[in-house]
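> For reference, the structure I am asking about is given below.
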Amino acid sequence: MGNTITFTDIYEKHEKPIYNYVLRMVRDQEAAKDLTQDIFIKVYHKLNSFKGDAQLSSWLYRIATNSYVDYLRTKGYRQSVVTDPFEDNEDKDTDNTIVEKVLSIEDQFVKSNMNACIKGFLDNLPEDYRAVIVLHDLQGFKNREIADILNCSLGTVKIRLHRARKKFRGVLASNCDFYRNSDSMLSCDRKGN
Numbered sequence: 197m198g199n200t201i202t203f204t205d206i207y208e209k210h211e212k213p214i215y216n217y218v219l220r221m222v223r224d225q226e227a228a229k230d231l232t233q234d235i236f237i238k239v240y241h242k243l244n245s246f247k248g249d250a251q252l253s254s255w256l257y258r259i260a261t262n263s264y265v266d267y268l269r270t271k272g273y274r275q276s277v278v279t280d281p282f283e284d285n286e287d288k289d290t291d292n293t294i295v296e297k298v299l300s301i302e303d304q305f306v307k308s309n310m311n312a313c314i315k316g317f318l319d320n321l322p323e324d325y326r327a328v329i330v331l332h333d334l335q336g337f338k339n340r341e342i343a344d345i346l347n348c349s350l351g352t353v354k355i356r357l358h359r360a361r362k363k364f365r366g367v368l369a370s371n372c373d374f375y376r377n378s379d380s381m382l383s384c385d386r387k388g389n
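Position 150 (the sequence shown) corresponds to 346 in the numbering used here; numbering is contiguous.
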């Protein structure tokens, strides 16, 4: 039992990343909190069945993804928008002086606007495409791990990721003008504004 992992260990290490993943998918903070709680209740009940065939994180994200799919099937599902799902939802220090020194107010405004713009287009991708982009590009999972999480083949993940990126680039190119500001910071403006 020396290497036995406890539910508490799993929860402490994985609760925030799972919450952030769910938040990016459901786009509603309260729903994400509730769904994350449901996910960890399932993890608690299924922990004895985890045999280590897959990585623990892949197993957790599969439970999270299946819970998300179940959530979509419920009558309580409704789309809503959160202010910024790309924001790291870690507990923030009460002293923000370091952050304020790093980013000027203008830089923070540009970053916030760009995140909101890109997030809006990501939210409109089909669920399958959004899931692979969130898992790969935002959560940092490898294709094999994503295949385990989504319970599909490696080829399917590669195809979805390729198509999702192509569609996302096309949507961004047709709706946004990207440029570098005077500080060489990448910025964007919506076309037609």
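Ideal placement from N, C-alpha and C gives every residue a C-beta, glycine not left out.
Would you say the stretch 330-348 touches the stretch 231-240, given that touching needs at least three Cβ pairs under 8 angstroms?
Segments in contact, no.
> Could you please give the first and the last residue of the uninterrupted alpha helix (DSSP H) stretch that includes L337?
Note that residue 337 corresponds to Phe in the displayed sequence, not to Leu. Where F337 is concerned, there is no enclosing alpha helix (DSSP H), given that its DSSP letter is neither H nor E.
> Would a C-beta distance cut-off of 8 angstroms place D373 and K363 closer than the cut-off?
In this structure, K363 does not lie closer than 8 angstroms to D373 by Cβ.
> Kindly indicate which residue of S349, F317, D344 has the alpha-carbon position closest to the one of N262.
Checked all of S349, F317, D344; the closest Cα to N262 is D344.
> Do I214 and L252 have their C-beta atoms closer together than 8 angstroms?
Contact: no.
> For a test of the three-state rule: what should DSSP assign to N244, helix, strand or coil?
DSSP places N244 in helix when its eight states are reduced to three.
> Please determine if the stretch 237-245 and the stretch 351-360 are in contact, where contact requires at least 3 C-beta pairs separated by less than 8 angstroms.
Too few Cβ pairs lie closer than 8 angstroms, so no.
> If distances are taken between C-alpha atoms only, which option among I355, K315, Y217, A227 comes closest to V367?
With distances taken between Cα atoms, V367 lies closest to K315.
> Would you kindly report the start and end of the unbroken alpha helix (DSSP H) that includes L219?
Unbroken alpha helix (DSSP H) run through L219: 203-222.
> Can you give the Cα-Cα distance for L350 and V328, rounded to whole angstroms?
Their Cα atoms are separated by approximately 12 angstroms.
> Look up T200 in the DSSP assignment and say whether it is helix, strand or coil.
Correct three-state label for T200: coil.
> From the DSSP output, in three-state form, read off N347 for me.
The answer is coil: DSSP assigns N347 none of H, G, I, E or B.
> What is the DSSP secondary structure of Q251, reduced to helix, strand or coil?
Of the three classes helix, strand and coil, the one that applies to Q251 here is coil, per DSSP.
> Let's test the definition: count the other Cβ atoms within 10 Å of the Cβ of I259 and tell me whether it reaches 16, buried, or not, exposed.
It is buried - the Cβ of I259 has at least 16 other Cβ atoms within 10 Å.
> For G316, name the three-state secondary structure that DSSP assigns.
It is helical.
> Determine the closest residue to V222 out of V239, T204, R269, K238, with distance taken between C-alpha atoms.
Minimum Cα distance to V222 is reached at R269.
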